[in-house]
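Chemist: Numbering (UniProt numbering) for the sequence shown: 1 to 463.
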Amino acid sequence: MTETQRSDLLFSFRDLKRDLNFIEHTSNLEWKAERRAMPLMVDPGLYQSTKSDILWVQPGRALPTAFKLFTGSAWMILSRSFVEYCIWGWDNLPRTLLMYYTNFVSSPEGYFQTVICNSPEFVPTVVNHDMHFISWDTRPKQHPRDIDINDTDKMIASGVAFARKFNQDNPVLDRIDSELLHRNNGSFTPGEWCKGDPSCSKVGKPTTVKPGPGAQRLRQFIDKLLQQPMFNENLLFSFRDLKRDLNFIEHTSNLEWKAERRAMPLMVDPGLYQSTKSDILWVQPGRALPTAFKLFTGSAWMILSRSFVEYCIWGWDNLPRTLLMYYTNFVSSPEGYFQTVICNSPEFVPTVVNHDMHFISWDTRPKQHPRDIDINDTDKMIASGVAFARKFNQDNPVLDRIDSELLHRNNGSFTPGEWCKGDPSCSKVGKPTTVKPGPGAQRLRQFIDKLLQQPMFNESQCK
């Protein structure tokens, strides 16, 4: 903040709608279409612990058709509601665009603009200005020029809250201090909170906002902007007294062939930004294995705790979003993303149970995908004690046996339980909140207890 006191800023914004977003934007990409959106780059800073230049990879990509690109200033004032949307992303658009912009140069000049302008809920909240005074050359270059003493009157008259950029020991800053902020020698900006001697040695009324001339200029500018058109019971019983923070997620750090064929090649999925299906693009050159974090891989099937899922969404230390961008260019990312997030998060490592709770039937020499479960696997599947099984082909006789012997249901009807009363069966509601376990609950609970036995439980976590 330069030419406006904080009290002026608070006064000018205090009765505005809280959902406004001051974000300069345009869909006219001009040269940025060819030089920003279509080339592809990979930033090793996402996965390496040392600095290095970005990698330009080939081929490039077409402009997106699934959403419309916008660009603008990297400086903005965003509402809390929009920032929460960008973090939570309840319709998945913010994360989709985060992955798209992973391979985009100068993404801060487009990411938020593209998110907000493709979100009908937030479009009415957009004010097309970044609230900055910027001094450009007569023929604008990529970066603005430094503000000098000749720009001062124009800057003050603009009415905006911020200005950039200034070089060190700029006489403009001295004039701002003395004439606008009324402070000397780098002291505090005075206000109702500042009493006593000139160095504000006593605290007055810190909650009182007394606007100065800057507030009027700023509010007039804002007003002008706003005038513009703008299952089952066995499962419930077996899990009910377990700790709620457990995550059943099969994993290993032994990548084997996946290091060379998954982690090092680079691909771009046009499905992120095109509205029609197409094959993934393999681009060159590849990339080295990361050094900023350790890669893990495993099953794409898992049971995750609410606390870990919230961490992946909120990402308060930014790791989940960093890895989301890294895995944007990774084939079969569901087999590695969550494993790598949880095993690089010390807070969640103690919650990891190294199993996906699935019975899977592999060929004698395992292939990439498991084989279909057949009738000969039934006894082994039941004895395993796990909650889930895959995969089954259509009209598999194993499914009929599961229905009749395990779920006790016929002809695709509901699975009976304490909630199911009446004649014919389940024609009346009994006690829907009562959980009555069957033999499957005992098998499942024995299996879970075995998984959680010490020290095997700790020894299998994130190794």
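Virtual Cβ for every residue (Gly too), placed ideally from N, Cα, C. This structure is a prediction, so every number in the text was calculated from the model and none was measured.
(1) Can you tell me where the beta strand (DSSP E) with Ala-163 in it begins and where it stops?
(2) Report the residue ranges of all alpha helix (DSSP H) runs contained in full by the region 2-58; include only those spanning at least 4 residues, in chain order.
(3) How is Trp-282 classed by DSSP in three states: helix, strand or coil?
(4) Kindly provide the ranges of any beta strand (DSSP E) runs that are 3 or more residues long and lie completely inside the region 244-295, ordered along the chain.
(5) According to the neighbour-count rule (16 or more other Cβ atoms, all chains shown, within 10 Å of its Cβ), is Pro-94 buried or exposed?
(6) Among Gly-60, Arg-240, Lys-421 and Glu-405, which has the Cα closest to the Cα of Glu-34?
(7) Just to confirm before moving on: does the CB-CB distance between Gly-159 and Phe-221 stay below 7 Å?
(8) Closest to Met-264 by C-alpha separation, out of Pro-44, Glu-30 and Lys-32, would be which residue?
(9) Can you tell me whether DSSP reads Leu-444 as helix, strand or coil?
(10) Put Val-353 into one of helix, strand or coil per three-state DSSP.
(11) For the candidate residues Val-127, Thr-125 and Ile-176, whose alpha-carbon lies nearest to that of Asp-148?
(12) Measuring CA to CA, which of Arg-240, Ser-332, Ser-135 and Asp-356 is closest to Val-268?
(13) Using the Cβ count rule (16 or more neighbours within 10 Å means buried), how would you classify Gly-430?
(14) With C-beta atoms as the reference, is Phe-22 less than 7 Å away from Ile-77?
(15) Do you know whose CA, among Trp-90, Met-131, Tyr-85 and His-132, lies nearest Phe-112's CA?
(16) Determine the closest residue to Leu-295 out of Gln-48, Asp-130, Val-42 and Ser-27, with distance taken between C-alpha atoms.
(17) So, under 8 Å CB-CB, Thr-291 and Gly-336 are touching, yes? Tell me the CB distance rounded to an integer number of Å.
(18) Report the CB separation of Leu-272 from Val-283 in whole angstroms; it is logged as a contact under 8 Å.
(19) Exposed or buried, Asp-356, counting other C-beta atoms within 10 Å across all chains shown (16 or more means buried)?
(20) For His-129, which residues does DSSP report across the bridge?
(21) Hey, could you find the ends of the beta strand (DSSP E) Ala-383 is sitting in?
(22) Where do the ends of the beta strand (DSSP E) carrying Ile-360 lie?
(23) Look up Val-429 in the DSSP assignment and give the residues it is bridged to.
(24) Assuming Arg-390 is part of the beta strand (DSSP E), what are its boundary residues?
(25) May I ask which residues mark the beginning and end of the alpha helix (DSSP H) holding Ser-307?
(26) DSSP has Ile-134 in a bridge; who is on the other side?
(27) Ile-373 by DSSP, collapsed to three states: which one?
(28) How would you call Ala-259, buried or exposed, if buried means at least 16 neighbouring beta carbons within 10 angstroms?
(29) Taking the alpha-carbon positions, what's the Gln-394 to His-369 distance?
(30) Between which two residues does the alpha helix (DSSP H) holding Phe-122 run?
(31) What's the C-alpha gap between Tyr-101 and Asp-279?
(32) Who are Thr-297's beta bridge partners in DSSP?
(33) With distances taken from CA atoms, which of Ala-161, Thr-152 and Arg-164 is nearest Ser-178?
(34) Tell me the rounded alpha-carbon separation between Pro-229 and Val-123.
(35) Can you check which of these residues, Val-309, Pro-120, Ile-54 and Phe-293, is closest to Val-105 by C-alpha distance?
(36) Cutting at 8 Å between CB atoms, please list the residues of its own chain near Arg-321, excluding the five before and the five after it.
Modeler: Taking the coordinates as given:
(1) Position 163 of the sequence shown, counted from the start, is the residue given in the question as residue 163. Start and end: 162-164.
(2) 6-13
(3) Reading the sequence shown from its first residue, position 282 is the one you call residue 282. Correct three-state label for Trp-282: strand.
(4) 266-268 and 281-283
(5) Counting from 1 along the sequence shown, the entry for residue 94 is found at position 94. By the 10 Å Cβ count, Pro-94 comes out buried.
(6) Mapped onto the sequence shown, residue 34 falls at position 34. Glu-34 has its Cα closest to that of Gly-60, out of Gly-60, Arg-240, Lys-421 and Glu-405.
(7) As a position in the sequence shown, residue 159 is number 159, starting the count at 1. As a position in the sequence shown, residue 221 is number 221, starting the count at 1. Yes, the Cβ-Cβ distance between Gly-159 and Phe-221 is below 7 Å.
(8) Here residue 264 corresponds to residue number 264 of the sequence shown, with the count starting at 1. The shortest C-alpha separation from Met-264 is found at Pro-44.
(9) Position 444 of the sequence shown, counted from the first residue, corresponds to residue 444. Helix.
(10) Locating residue 353 in the sequence shown gives position 353, where the first residue counts as 1. Three-state DSSP puts Val-353 in a strand.
(11) Mapped onto the sequence shown, residue 148 falls at position 148. Among Val-127, Thr-125 and Ile-176, the Cα nearest to that of Asp-148 is on Ile-176.
(12) Reading the sequence shown from its first residue, position 268 is the one you call residue 268. Looking at the Cα atoms, Ser-332 is the closest of the given residues.
(13) One-based indexing of the sequence shown puts residue 430 at position 430. Exposed is the call here.
(14) On the sequence shown, residue 22 is found 22 positions in, with the first residue counted as 1. On the sequence shown, residue 77 is found 77 positions in, with the first residue counted as 1. Yes; because the gap between Cβ atoms is below 7 Å, this pair is in contact.
(15) Start at 1 with the first residue of the sequence shown, and residue 112 comes out as number 112. For Phe-112, the nearest C-alpha among the options comes from Tyr-85.
(16) Translated into the one-based positions of the sequence shown, residue 295 becomes position 295. Residue Gln-48 is the option with its Cα nearest to Leu-295.
(17) Numbered from its first residue, the sequence shown carries residue 291 at position 291. Numbered from its first residue, the sequence shown carries residue 336 at position 336. With 8 Å as the limit, Thr-291 and Gly-336 do not qualify as a contact, their Cβ atoms being about 17 Å apart.
(18) Mapped onto the sequence shown, residue 272 falls at position 272. Mapped onto the sequence shown, residue 283 falls at position 283. Not confirmed; about 14 Å, so no contact.
(19) As a working mapping, residue 356 is identified with position 356 in the sequence shown. Result: buried.
(20) The residue labelled residue 129 in the question sits at position 129 within the sequence shown. BP columns for His-129 are empty, so no partner.
(21) Walking along the sequence shown from the start, residue 383 turns up at place 383. Run containing Ala-383: none in the beta strand (DSSP E); it sits in the alpha helix (DSSP H), 378-384.
(22) Mapped onto the sequence shown, residue 360 falls at position 360. Taken as a continuous stretch (DSSP letters only), the beta strand (DSSP E) holding Ile-360 covers 358-360.
(23) Here residue 429 corresponds to residue number 429 of the sequence shown, with the count starting at 1. Val-429 pairs with Cys-420.
(24) The count along the sequence shown starts at 1 and reaches residue 390 at position 390. It spans 388-390 - the beta strand (DSSP E) in which Arg-390 sits, taken as one unbroken run.
(25) Along the sequence shown, one-based indexing puts residue 307 at 307. Ser-307 -> alpha helix (DSSP H) spans 306-314.
(26) Within the sequence shown, numbered from 1, the residue matching residue 134 stands at position 134. Arg-164.
(27) As a first step, residue 373 must be located in the sequence shown, where it is residue number 373. Ile-373: coil per DSSP, three-state reduction.
(28) Here residue 259 refers to the residue found at position 259 of the sequence shown. Ala-259 should be labelled exposed.
(29) Here residue 394 is taken as the residue at index 394 of the sequence shown, counted from 1. Here residue 369 is taken as the residue at index 369 of the sequence shown, counted from 1. Roughly 17 Å between the two C-alpha positions.
(30) Numbered from its first residue, the sequence shown carries residue 122 at position 122. From DSSP, Phe-122 is part of no alpha helix (DSSP H); its letter is neither H nor E.
(31) For the purposes of this step, residue 101 is taken as the residue at position 101 of the sequence shown. For the purposes of this step, residue 279 is taken as the residue at position 279 of the sequence shown. Going from the Cα of Tyr-101 to the Cα of Asp-279 covers about 19 Å.
(32) Within the sequence shown, residue 297 is the residue found at index 297, counting from 1. Paired residues: Thr-252.
(33) As a working note, residue 178 is residue 178 in the sequence shown. Ranking the options by Cα distance to Ser-178, first place goes to Thr-152.
(34) Here residue 229 refers to the residue found at position 229 of the sequence shown. Here residue 123 refers to the residue found at position 123 of the sequence shown. Confidence at Pro-229 is low in this model, with a pLDDT of 43, below 50, so the placement of that residue is unreliable and no value is reported for it.
(35) Residue numbering aside, residue 105 sits at position 105 when the sequence shown is read from its first letter. Per the Cα distances, Ile-54.
(36) Stepping through the sequence shown from its first residue, residue 321 is reached at position 321. Closer than 8 Å at the Cβ level, and outside the excluded window around Arg-321, lie Leu-98 and Gly-315.
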